[in-house]
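Residue numbers (my numbering), protein chains in the order written: chain A, 1 to 235; chain B, 1 to 89.
We put the CB at the ideal spot given by N, CA and C, even for glycine.
The structure under discussion appears below in the form of structure tokens.
Written out as structure tokens, the structure reads:
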């Protein structure tokens, strides 16, 4: 590890930004290394497709590279790059809408007879059995979240998975904070319901004290009220 | 507090944003209402599961491509002043 790389690894984000602005690539690369996991995770959670998530991640960091001079150092780099990531991924999602998402990248490589040297070399830190159980869990979670209407899914992802505030999520999506809250409630309730179908103990099922149909109606009425507060007021 | 009132405050309660004066009423309701208690518990579990599983590892081959793309772009931008594979001088 060179001295510059070592310095970069121990410096805080603000120092790295200022060094990157001065032309230090090691400083910029360290910022990328620190935040690439989160940026990729945001892109993947929004776009739900590996290739699109990779493209969006690359675009987000290229944008950061191009506009680094414009970044005001009193703000946190993490906040800035999160915003760039969310906006880039949402833009890609909008662009993708209406287009079919058929991947052509499914073909097998042609037999050449040549034995290739192992390319992907990395230790396996986890127990494969546990890993597979985790994959099953991931699949169950994926199926439930993919069944949500997109507007509910996006709010849930930004707020609950990526930890944006209600205000930040509202700004990113261009909707009101009240709308974020009501979509979030719908998303949370729908996911809870879906996961209960898998994880709930059917022998210990509970029923609301009053009629279930009544409660469903009450919930719907309440949600409508949330969405259109004017309806609940007297004129 | 009714089950309906509870639903209205569910988000804020789960996020820890509920007004402390309502908090005791909320918790009192939960003590007496098993279905609501289970809903609150399972909503919390739902959020936790998605939060934990939502952390996606960046694929290592992509990470390498990303870094080399950025390095290339950086060099172009700096007019080729950056040494390949090393920090800027």
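In three-state DSSP terms, what is residue i?
| i | result |
| --- | --- |
| residue 67 (chain A) | coil |
| residue 244 (chain A) | Since the displayed chain A opens at 1 and closes at 235, residue 244 (chain A) lies outside it and no answer follows. |
| residue 176 (chain A) | coil |
| residue 54 (chain B) | coil |
| residue 134 (chain A) | helix |
| residue 165 (chain A) | coil |
| residue 35 (chain B) | helix |
| residue 49 (chain A) | coil |
| residue 25 (chain B) | helix |
| residue 2 (chain B) | coil |
| residue 20 (chain B) | helix |
| residue 78 (chain B) | coil |
| residue 72 (chain B) | helix |
| residue 72 (chain A) | coil |
| residue 11 (chain A) | coil |
| residue 147 (chain A) | coil |
| residue 114 (chain A) | coil |
| residue 128 (chain A) | helix |
| residue 22 (chain A) | coil |
| residue 160 (chain A) | helix |
| residue 200 (chain A) | coil |
| residue 181 (chain A) | helix |
| residue 106 (chain A) | Confidence is the limiting factor: at residue 106 (chain A) the pLDDT is only 37, short of 50, which leaves the residue's position unreliable and the question unanswerable from this model. |
| residue 41 (chain B) | helix |
| residue 95 (chain A) | helix |
| residue 142 (chain A) | helix |
Under 8 angstroms, do residue i and residue j count as touching if we go by C-beta distance?
| i | j | result |
| --- | --- | --- |
| residue 155 (chain A) | residue 187 (chain A) | yes |
| residue 11 (chain B) | residue 184 (chain A) | yes |
| residue 38 (chain A) | residue 27 (chain A) | no |
| residue 13 (chain B) | residue 161 (chain A) | no |
| residue 141 (chain A) | residue 53 (chain B) | yes |
| residue 13 (chain A) | residue 31 (chain A) | yes |
| residue 44 (chain A) | residue 56 (chain B) | yes |
| residue 3 (chain B) | residue 125 (chain A) | no |
| residue 60 (chain A) | residue 79 (chain A) | no |
| residue 77 (chain A) | residue 74 (chain B) | no |
| residue 40 (chain A) | residue 58 (chain B) | yes |
| residue 58 (chain A) | residue 69 (chain B) | yes |
| residue 26 (chain B) | residue 6 (chain B) | yes |
My assumption, with CB atoms under 8 angstroms, is that residue i sits in contact with residue j. Please give the rounded CB distance.
| i | j | result |
| --- | --- | --- |
| residue 144 (chain A) | residue 85 (chain A) | That belief does not hold up - the Cβ atoms of residue 144 (chain A) and residue 85 (chain A) are roughly 24 angstroms apart, past 8 angstroms. |
| residue 63 (chain B) | residue 29 (chain A) | Actually they are not in contact, since the Cβ atoms of residue 63 (chain B) and residue 29 (chain A) sit about 11 angstroms apart, beyond 8 angstroms. |
| residue 17 (chain A) | residue 69 (chain A) | No, residue 17 (chain A) and residue 69 (chain A) are not in contact; Cβ-Cβ is about 10 angstroms, not under 8 angstroms. |
| residue 92 (chain A) | residue 81 (chain A) | In fact, because the Cβ distance is near 16 angstroms, the residues do not count as touching under 8 angstroms. |
| residue 90 (chain A) | residue 172 (chain A) | 7 angstroms |
| residue 29 (chain B) | residue 23 (chain B) | Actually they do not touch by this definition, with Cβ atoms about 11 angstroms apart. |
| residue 180 (chain A) | residue 169 (chain A) | 5 angstroms |
| residue 206 (chain A) | residue 38 (chain B) | 6 angstroms |
Taking 7 angstroms as the cut-off, does the CB of residue i come closer than this to any heavy atom belonging to the ligand MG?
| i | result |
| --- | --- |
| residue 97 (chain A) | In the structure on display, the ligand MG does not appear, and there are no ligands present to speak of. |
How about residue i: is its C-beta nearer than 8 angstroms to some C-beta of chain E?
| i | result |
| --- | --- |
| residue 95 (chain A) | The chain inventory of the structure shown lacks chain E, comprising the protein chains A and B. |
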